[in-house]
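Under full-length UniProt numbering, the first residue of the sequence shown is numbered 1, with each subsequent residue one higher. Cβ atoms here follow ideal geometry from the backbone N, Cα and C, with glycine treated the same way. Remember, predicted model here, so these are calculated numbers, not experimental data. A quick write-up on the structure given underneath.
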Amino acid sequence: MVEFQDRYARVHPKFKLNGEKFSIEKLKAQAYEFIKEGEPYEEAVGNFLLDWLNDKRYITVHTSGSTGSPKAIKILKMHMVNSAKATAKHFDLPEKTTALLCLPAHFIAGKMMLVRALTQGWHIDMAQPKSNPLDNVYRRYDFCAMTPFQLDNSLGRMHLLKKLIVGGGAIAPSLVSRLQSLSTKIYETYGMTETVTHIAARRINPKKSTQDIIPFKTLPKVTISVDNRNCLVIKAPAVSTDPVITNDIVKLETFKKFIWLGRIDNVINSGGVKLHPEQIEAKLATMIDSSYFVAGVPDDALGEKLVLFVEQEEEFAFAKADLDLTHFEPYEFPKVIITLPRFERTDNGKLQRGQTVRKALEH
Numbered sequence: 001m002v003e004f005q006d007r008y009a010r011v012h013p014k015f016k017l018n019g020e021k022f023s024i025e026k027l028k029a030q031a032y033e034f035i036k037e038g039e040p041y042e043e044a045v046g047n048f049l050l051d052w053l054n055d056k057r058y059i060t061v062h063t064s065g066s067t068g069s070p071k072a073i074k075i076l077k078m079h080m081v082n083s084a085k086a087t088a089k090h091f092d093l094p095e096k097t098t099a100l101l102c103l104p105a106h107f108i109a110g111k112m113m114l115v116r117a118l119t120q121g122w123h124i125d126m127a128q129p130k131s132n133p134l135d136n137v138y139r140r141y142d143f144c145a146m147t148p149f150q151l152d153n154s155l156g157r158m159h160l161l162k163k164l165i166v167g168g169g170a171i172a173p174s175l176v177s178r179l180q181s182l183s184t185k186i187y188e189t190y191g192m193t194e195t196v197t198h199i200a201a202r203r204i205n206p207k208k209s210t211q212d213i214i215p216f217k218t219l220p221k222v223t224i225s226v227d228n229r230n231c232l233v234i235k236a237p238a239v240s241t242d243p244v245i246t247n248d249i250v251k252l253e254t255f256k257k258f259i260w261l262g263r264i265d266n267v268i269n270s271g272g273v274k275l276h277p278e279q280i281e282a283k284l285a286t287m288i289d290s291s292y293f294v295a296g297v298p299d300d301a302l303g304e305k306l307v308l309f310v311e312q313e314e315e316f317a318f319a320k321a322d323l324d325l326t327h328f329e330p331y332e333f334p335k336v337i338i339t340l341p342r343f344e345r346t347d348n349g350k351l352q353r354g355q356t357v358r359k360a361l362e363h
């Protein structure tokens, strides 16, 4: 038991939570207080801390359910510690790094912010994990993690963060363009629950870049390849015992760098032409202000036809002044538009494309 806690569930002597230092026993008492007296987000932190400090070698977490039904999986605490070390090294986040937790602790991304702080000796504060988490924050932090939705709602207070990682969903090109003048170093991350959050990242607001598309670069001790579908295969023995075979189509630049093209399960076969929705959506970014995506729906002539789904109350139509089709390949511009008042999303805000399409076609 002692050896286990020393190796995996120890509390770094420099660790602080909301400005306080903690021994293991004091941290357990704080966790119980969060559960008994705290807000729902504090209760989730309390439950995780007790799980982290118990004598089990693993944590049970749930996948997001954005590409299928949510499922419970067991992640070794040793792998979580290794992931925390890799993040600290990759982003240069030493002891006493000040960090802000504004993600819910019942998902892996929120849990890992706490693990990084606990094991690397960070000073972490908690904020309510809402859409605009910096609203009531009045000090600067070295590091934070957000969803794209939170980032979009926090641009006016981004000066409070030195480094920010963004994950949990694709970042719209229109949002990326608004980040270019910010001094905060902002990184898009790539990963999943099975890889204990991110295994790669890329700076999306670099001061200078010679590349149109900046590739993802893997973290320490992670190598990559592709299978016969051109889908990414991840070898990260420090965080996953077995290689992780993904459904993400990528362009491999080196064994450490790749460009993400899209999900193979989203590919649309329209009249024999394979269309990648994510690439088309990037080209539509300047034409649509609302949330949107494209998908294939059954068609007698084409097999699948390309349809644009827009999330807003009123019917959507392209403004003629915005119709620049020079960047679109044949068959890439959607001919059908379906407007919906609300898309289907998971509990943590990830778009559920398939469920949204099915619900729209039922009506």
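Coil, strand or helix - Ala-99 by DSSP: Position 99 of the sequence shown, counting from 1, holds the residue named residue 99. Ala-99 falls in the strand class under three-state DSSP.
Identify every run of the beta strand (DSSP E) within the UniProt domain "AMP-dependent synthetase/ligase" (58-206), keeping only runs that are complete inside it and at least 3 residues long; order them along the chain. 58-62, 72-76, 98-101, 123-126, 141-146, 161-166, 185-192, 197-203
Close beta carbons around Pro-148, own chain, < 8 Å, minus the five adjacent residues each side: Numbered from 1 along the sequence shown, position 148 holds the residue referred to as residue 148. Excluding positions up to five away in sequence, the list reads Val-166, Gly-168, Gly-169, Ala-170, Ile-171, Ala-172, Leu-175.
Using 9 Å as the threshold, is the C-beta distance between Arg-10 and Leu-118 below it? Numbered from its first residue, the sequence shown carries residue 10 at position 10. Numbered from its first residue, the sequence shown carries residue 118 at position 118. Taking 9 Å as the Cβ cut-off, Arg-10 and Leu-118 qualify as a contacting pair.
Mapping DSSP to helix, strand and coil, what is Ile-337? Along the sequence shown, one-based indexing puts residue 337 at 337. Strand, per DSSP.
For Tyr-292, count neighbouring C-beta atoms within 10 Å of its own C-beta (all shown protein chains included) and say buried if the count is 16 or more, exposed if not. Translated into the one-based positions of the sequence shown, residue 292 becomes position 292. It counts as buried.
Let me check one thing: in DSSP terms, what residues is Trp-260 bridge-paired to? Here residue 260 is taken as the residue at index 260 of the sequence shown, counted from 1. Bridge partners of Trp-260: Val-250.
Would you call Ala-145 buried or exposed, if buried means 16 or more other Cβ atoms sit within 10 Å of its Cβ? Taking the sequence shown and counting its residues from 1, one reaches residue 145 at position 145. With 16 or more Cβ atoms within 10 Å of its Cβ, Ala-145 is classed as buried.
Please list, in chain order, all residues of the same chain as Ser-240 whose beta carbon is under 8 Å from its beta carbon, the five residues on each side excluded. Translated into positions along the sequence shown, residue 240 becomes position 240. Counting only Cβ-Cβ distances below 8 Å, and skipping sequence neighbours, we find His-79, Glu-194, Thr-195, Val-196, Ile-234.
Could you pull the DSSP bridge partners for Leu-232 from this structure? Along the sequence shown, read from residue 1 onward, the residue named residue 232 stands at position 232. According to DSSP, Leu-232 bridges with Val-226.
At which residues does the beta strand (DSSP E) containing Thr-218 begin and terminate? Taking the sequence shown and counting its residues from 1, the one referred to as residue 218 is at position 218. Unbroken beta strand (DSSP E) run through Thr-218: 216-218.
First and last residue of the uninterrupted alpha helix (DSSP H) at Ala-31: Position 31 of the sequence shown, counted from the first residue, corresponds to residue 31. Looking at the DSSP string, the run of the alpha helix (DSSP H) that includes Ala-31 is 24-37.
Is it the case that the Cβ atoms of Leu-100 and Ala-72 are separated by a distance below 9 Å? Mapped onto the sequence shown, residue 100 falls at position 100. Mapped onto the sequence shown, residue 72 falls at position 72. No.
Could you give the DSSP three-state label for Asn-54: helix, strand or coil? In the sequence shown, residue 54 corresponds to position 54, counting from 1. Asn-54 falls in the coil class under three-state DSSP.
Asn-47 (DSSP reduced to helix, strand or coil): Taking the first residue of the sequence shown as position 1, residue 47 is located at position 47. Looking at Asn-47 - three-state DSSP - the assignment turns out to be helix.
Quick one: what does DSSP say Leu-275 is sitting in, helix, strand or coil? Residue numbering aside, residue 275 sits at position 275 when the sequence shown is read from its first letter. If DSSP states are grouped into helix, strand and coil, Leu-275 belongs with the strands.
With a cut-off of 8 Å, do at least 3 Cβ pairs link the segment 86-99 to the segment 127-136? no
Starting from Leu-361, trace the beta strand (DSSP E) in both directions and tell me its first and last residue. Taking the sequence shown and counting its residues from 1, one reaches residue 361 at position 361. Careful: Leu-361 lies outside any beta strand (DSSP E), inside the alpha helix (DSSP H) at 353-362.
My guess is that Val-307 and Val-297 are in contact by the Cβ rule of under 8 Å, so how many angstroms apart are they, rounded? Taking the first residue of the sequence shown as 1, we reach residue 307 at position 307. Taking the first residue of the sequence shown as 1, we reach residue 297 at position 297. Confirmed, Cβ separation roughly 5 Å.
In whole angstroms, give me the CA-to-CA distance for Arg-116 and Ile-24. Your numbering for residue 116 matches position 116 in the sequence shown. Your numbering for residue 24 matches position 24 in the sequence shown. Looking at the two C-alpha atoms, the distance is approximately 16 Å.
Glu-3 in three-state terms, based on DSSP: Position 3 of the sequence shown, counting from 1, holds the residue named residue 3. Unreliable positioning characterises Glu-3 in this predicted model, as indicated by a pLDDT of 46, which lies under 50. A coordinate reading is not provided.
Taking buried to mean at least 16 other C-beta atoms within 10 Å of its own C-beta, is Arg-342 buried or exposed? As a position in the sequence shown, residue 342 is number 342, starting the count at 1. Arg-342 comes out exposed.
Look at Phe-255 and Ile-280 and say whether their C-beta atoms are less than 9 Å apart. Here residue 255 refers to the residue found at position 255 of the sequence shown. Here residue 280 refers to the residue found at position 280 of the sequence shown. Not closer than 9 Å, so no.
Residue from Asp-248, Leu-160, Ile-186 whose Cα sits closest to the Cα of Met-192: One-based indexing of the sequence shown puts residue 192 at position 192. Of the candidates Asp-248, Leu-160, Ile-186, the one whose C-alpha sits nearest the C-alpha of Met-192 is Asp-248.
Can you tell which of His-123, Val-61, Tyr-32 has the C-alpha that lies nearest to the C-alpha of Ile-13? Looking up residue 13 in the sequence shown gives position 13. According to the sequence as given, residue 13 is Pro; it is not Ile. When each option's Cα is compared against that of Pro-13, the closest is His-123.
The beta strand (DSSP E) enclosing Ile-268, as first and last residue numbers: As a position in the sequence shown, residue 268 is number 268, starting the count at 1. Here the beta strand (DSSP E) through Ile-268 covers 268-270.
Would you grab the beta carbon distance between Leu-275 and Tyr-331 for me? Rounded to a whole angstrom, and I think it's under 8 Å. As a working note, residue 275 is residue 275 in the sequence shown. As a working note, residue 331 is residue 331 in the sequence shown. About 6 Å separates the two Cβ atoms, so the contact holds.
Helix, strand or coil: which one does DSSP assign to Ala-321? Your numbering for residue 321 matches position 321 in the sequence shown. The answer is helix: DSSP assigns Ala-321 an H, G or I state.
Report the three-state DSSP secondary structure of Asp-299 (helix, strand or coil). For this step, residue 299 is matched to residue 299 along the sequence shown. Three-state DSSP puts Asp-299 in a strand.
Separation of Asn-228 from Pro-40, as counted between CA atoms: Taking the sequence shown and counting its residues from 1, the one referred to as residue 40 is at position 40. Taking the sequence shown and counting its residues from 1, the one referred to as residue 228 is at position 228. Each residue's Cα considered, the two are about 45 Å apart.
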